[in-house]
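As structure tokens, the structure follows; a few thoughts come after it.
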Amino acid sequence: MHNINYIRSNSIEFDNAMKLRGESKISSKIIEIDKEKRETQTILQNLLAERNKISKKIGEIKSKNLDASAEMKNVDEIKTKINTLKELEQIKDNELNSILLRLPNIPHQSVPFGKDENDNTLYKEWGSKPNFNFEPKMHYEIGENMGLINFDLASKLSGSRFVVLKNQISKLERAISNFMLDKHTEENGYAEYSLPFLVKNESLIGTGQLPKFGEDLFTAGDEHWLIPTAEVPLTNLVRNEILNVNQLPIRSTSYTPCFRSEAGAAGKDTRGMLRQHQFTKVELVSIVEPEQSDQELERMLTCAESILKDLNIHYRIMTLCSGDMGFSASKTYDIEVWLPGEGKYREISSCSNCSDFQARRMNTRYKSNDKNIFVHTLNGSGLAVGRTLIAILENYQMEDGNVKIPEVLQKYFNNKTLL
RNA sequence: GGAGAGAUGGGUGAGUGGCUUAAACCACAGGUUUGCUAAACCUGCGAAGGAAGUAAUUCCUUCCGAGGGUUCGAAUCCCUCUCUCUCCGCCA
Numbered sequence: 018m019h020n021i022n023y024i025r026s027n028s029i030e031f032d033n034a035m036k037l038r039g040e041s042k043i044s045s046k047i048i049e050i051d052k053e054k055r056e057t058q059t060i061l062q063n064l065l066a067e068r069n070k071i072s073k074k075i076g077e078i079k080s081k082n083l084d085a086s087a088e089m090k091n092v093d094e095i096k097t098k099i100n101t102l103k104e105l106e107q108i109k110d111n112e113l114n115s116i117l118l119r120l121p122n123i124p125h126q127s128v129p130f131g132k133d134e135n136d137n138t139l140y141k142e143w144g145s146k147p148n149f150n151f152e153p154k155m156h157y158e159i160g161e162n163m164g165l166i167n168f169d170l171a172s173k174l175s176g177s178r179f180v181v182l183k184n185q186i187s188k189l190e191r192a193i194s195n196f197m198l199d200k201h202t203e204e205n206g207y208a209e210y211s212l213p214f215l216v217k218n219e220s221l222i223g224t225g226q227l228p229k230f231g232e233d234l235f236t237a238g239d240e241h242w243l244i245p246t247a248e249v250p251l252t253n254l255v256r257n258e259i260l261n262v263n264q265l266p267i268r269s270t271s272y273t274p275c276f277r278s279e280a281g282a283a284g285k286d287t288r289g290m291l292r293q294h295q296f297t298k299v300e301l302v303s304i305v306e307p308e309q310s311d312q313e314l315e316r317m318l319t320c321a322e323s324i325l326k327d328l329n330i331h332y333r334i335m336t337l338c339s340g341d342m343g344f345s346a347s348k349t350y351d352i353e354v355w356l357p358g359e360g361k362y363r364e365i366s367s368c369s370n371c372s373d374f375q376a377r378r379m380n381t382r383y384k385s386n387d388k389n390i391f392v393h394t395l396n397g398s399g400l401a402v403g404r405t406l407i408a409i410l411e412n413y414q415m416e417d418g419n420v421k422i423p424e425v426l427q428k429y430f431n432n433k434t435l436l
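Each residue of the first sequence is one higher than the one before, counting from 18 in my numbering.
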């Protein structure tokens with residue numbers, strides 16, 4: 018959500034920022050509606066003040082047992098006007114909100130301009146592509162050959178874009194999530210949460226999925242949605258709060274399933290478990306003071322990276338261009354992991370600084386020197402567990418079809434070294 | 001799922017139609033006093049928005065869980081909903 022005062026006094030900059038994100042010029046319309054709303058408000062408030070005065074007078078007259086019928090008639094006329102103006106104000110307010118709630122965040126000045134993923138720029142790289150003295154397989158070939166990844170069974174249960182994991186690979190998923198949570202809670206300073214996987218509208222409006230992107234989500238009944246990421250419940254923990262400055266920064270993490278209908282992605286990555294309706298993820302969320310959010314994004318990125326470093330898997334980090342960023346983000350880094358079987362880099366984490374965009378939607382502020390200031394929110398995957406599993410299978414595969422267990426995960430397997 | 005009781009500022013909590021401009025206490029901030037700490041005393045202290053002004057500031061409106069309604073006037077009365085607590089039932 019955008020600051021209407023900012024739009025009012027920086028309309029050109031605002032239009033330029035929206036243009037970077039593929040939106041059309043809209044500030045003049047916003048300003049016009051806002052002006053009409055405020056004019057309505059002023060008249061309305063004057064009438065309310067008048068009504069209050071007369072009502073008070075009526076009280077005084079009546080307490081003396083005198084006749085107040087003239088005043089009552091007067092107030093009756095004012096009331097009619099008040100009702101009309103109230104409706105008008107409501108209409109203008111709704112109009113304004115429905116526009117503002119659908120406009121994406123303003124890109125950070127360091128974000129490269131671009132249209133789509135081809136314009137993302139390389140930020141940094143770690144490690145190097147591993148060499149195989151055989152033809153490395155895709156993750157699903159490895160898993161299916163072992164009899165531990167099964168898409169047919171999943172489709173019997175639930176249709177396409179689901180997977181059934183078994184025995185050692187199922188256990189690998191569990192080990193990965195434990196490893197990530199242990200790392201983030203014990204070394205990276207995040208507090209662990211277990212959270213609801215069903216949330217209501219307000220939460221999704223808070224983080225920006227609604228009202229615009231409902232078709233990417235699954236619903237559960239009339240009042241709940243399945244979370245597309247733990248970002249939603251983790252960030253909304255502070256919805257409608259005025260925090261104390263000494264509570265900040267808040268760093269929290271949670272391991273949850275994520276549900277995405279991915280309506281727009283039909284036909285993309287249909288093979289394997291790369292793009293599923295349901296997957297698990299360890300999410301990182303930070304709530305910080307505005308001045309801290311730039312450096313907090315770097316910190317968060319480092320925390321996400323630390324997982325891949327410990328797993329010793331090659332990756333690169335891309336700075337997303339203005340046209341490829343998510344709705345709520347002002348700046349996003351994608352960590353892309355190297356998948357030898359596929360021969361491609363694939364997104365395994367996305368770390369975003371949402372500046373005060375979500376905070377305005379959620380109404381989350383902190384008190385500093387007696388002023389209430391909107392916090393900045395950040396979120397990042399730390400990491401997507403399913404895709405980490407894919408990366409391990411493909412990077413740790415052996416010629417005989419088995420897979421080595423990364424050293425840091427061996428303790429979750431009674432120190433075994435092979436799956 | 002059934003029956004009952006609740007929801008008031010950062011916290012506790014008073015307020016059952018106009019005397020509330022939401023009391024009081026606690027917490028918090030500033031000050032006074034005392035040799036320091038502590039204590040005592042004084043002062044200040046919710047949020048959102050609008051109007052005027054260069055500004056400090058002043059005036060006004062709204063908000064007592066949410067949304068409707070009654071009334072000249074609602075924290076207070078009525079309706080709907082949400083949540084919390086207690087008891088019962090069911091259940092992992």
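By construction, the Cβ of each residue, glycine as well, lies at the ideal position given by its N, Cα and C atoms. Computed from a prediction, not measured in an experiment: that's the story for all the values here.
Cα separation between residue i and residue j?
i, j, result
"Arg333", "Met317", "15 Å"
"Glu49", "Ser41", "16 Å"
"Lys52", "Glu106", "11 Å"
"Ile422", "Gly131", "40 Å"
"Pro245", "Pro213", "12 Å"
"Ser145", "Arg292", "25 Å"
"Thr405", "Leu102", "57 Å"
"Met415", "Gly284", "31 Å"
"Pro307", "Leu395", "11 Å"
"Asp239", "Lys229", "18 Å"
"Thr287", "Val354", "19 Å"
"Val181", "Phe196", "21 Å"
"Asn111", "Asn69", "27 Å"
"Glu359", "Asp417", "18 Å"
"Phe168", "Ile108", "50 Å"
"Ile159", "Ser398", "25 Å"
"Leu139", "Lys326", "18 Å"
"Asn380", "Gln62", "24 Å"
Alpha carbons only, please: which of the options is nearest the one belonging to residue i?
i, options, result
"Met290", "Tyr157, Ser194, Ser271 and Arg268", "Tyr157"
"Asn412", "Pro153, Asp51 and Met163", "Pro153"
"Ala34", "Leu64, Asp110, Gln126 and Asn100", "Gln126"
"Asn135", "Lys428, Leu356 and Leu337", "Leu337"
"Asp351", "Glu322, Phe344, Val402 and Cys275", "Glu322"
"Arg39", "Ser269, Tyr383, Gly343 and Asn380", "Residue identity check: residue 39 is Gly in the sequence provided, not Arg. For the residues Ser269, Tyr383, Gly343 and Asn380, the minimum Cα distance to Gly39 belongs to Gly343."
"Asn122", "Ser366, Ile60, Val402 and Ser339", "Ser339"
"Gly206", "His294, Val302, Ile60 and Ser347", "Val302"
"Ala237", "Leu251, Val216 and Thr252", "Val216"
"Asn162", "Trp143, Ser172, Ala171 and Lys183", "Lys183"
So residue i is in the alpha helix (DSSP H); what residue range does that whole segment cover?
i, result
"Asn253", "Glu248 to Asn253"
"Gln62", "Ser44 to Ser80"
"Phe168", "Phe168 to Ser175"
"Ile108", "Ser86 to Leu117"
"Phe31", "Ser28 to Leu37"
"Glu142", "From DSSP, Glu142 is part of no alpha helix (DSSP H) but of the beta strand (DSSP E) over Thr138 to Trp143."
"Val302", "That residue, Val302, is in no alpha helix (DSSP H); its beta strand (DSSP E) goes Gln295 to Val305."
"Arg404", "Val402 to Asn412"
Quick one: using the 10 Å Cβ neighbour count with 16 as the cut-off for buried, is residue i buried or exposed?
i, result
"Leu328", "buried"
"Val262", "exposed"
"Phe151", "exposed"
"Thr319", "exposed"
"Asp133", "exposed"
"Leu356", "buried"
"Gly164", "exposed"
"Gln264", "exposed"
"Thr97", "exposed"
"Asn253", "buried"
Would residue i pass as a contact of residue j if the rule is Cβ separation under 7 Å?
i, j, result
"Ile186", "Asn389", "no"
"Thr224", "Glu248", "yes"
"Arg256", "Met18", "no"
"Ala85", "Ile95", "no"
"Glu88", "Ile71", "yes"
"Pro129", "Leu37", "no"
"Leu227", "Phe235", "no"
"Ile304", "Ala408", "no"
"Gly403", "Phe296", "yes"
"Asp311", "Asn137", "no"
"Cys368", "Ser345", "no"
May I ask which residues mark the beginning and end of the beta strand (DSSP E) holding residue i?
i, result
"Glu204", "Where Glu204 is concerned, there is no enclosing beta strand (DSSP E), given that its DSSP letter is neither H nor E."
"Met335", "Tyr332 to Thr336"
"Leu165", "Element bounds for Leu165: n/a, residue is neither H nor E."
"Glu364", "Lys361 to Asn370"
"Arg268", "Ile267 to Phe276"
"Phe391", "Lys388 to Phe391"
"Glu353", "Lys348 to Leu356"
For the ligand SAH, any of its heavy atoms closer than 6 Å to the Cβ of residue i?
i, result
"Ile365", "Absence of the ligand SAH is noted for the structure shown, with no ligands found whatsoever."
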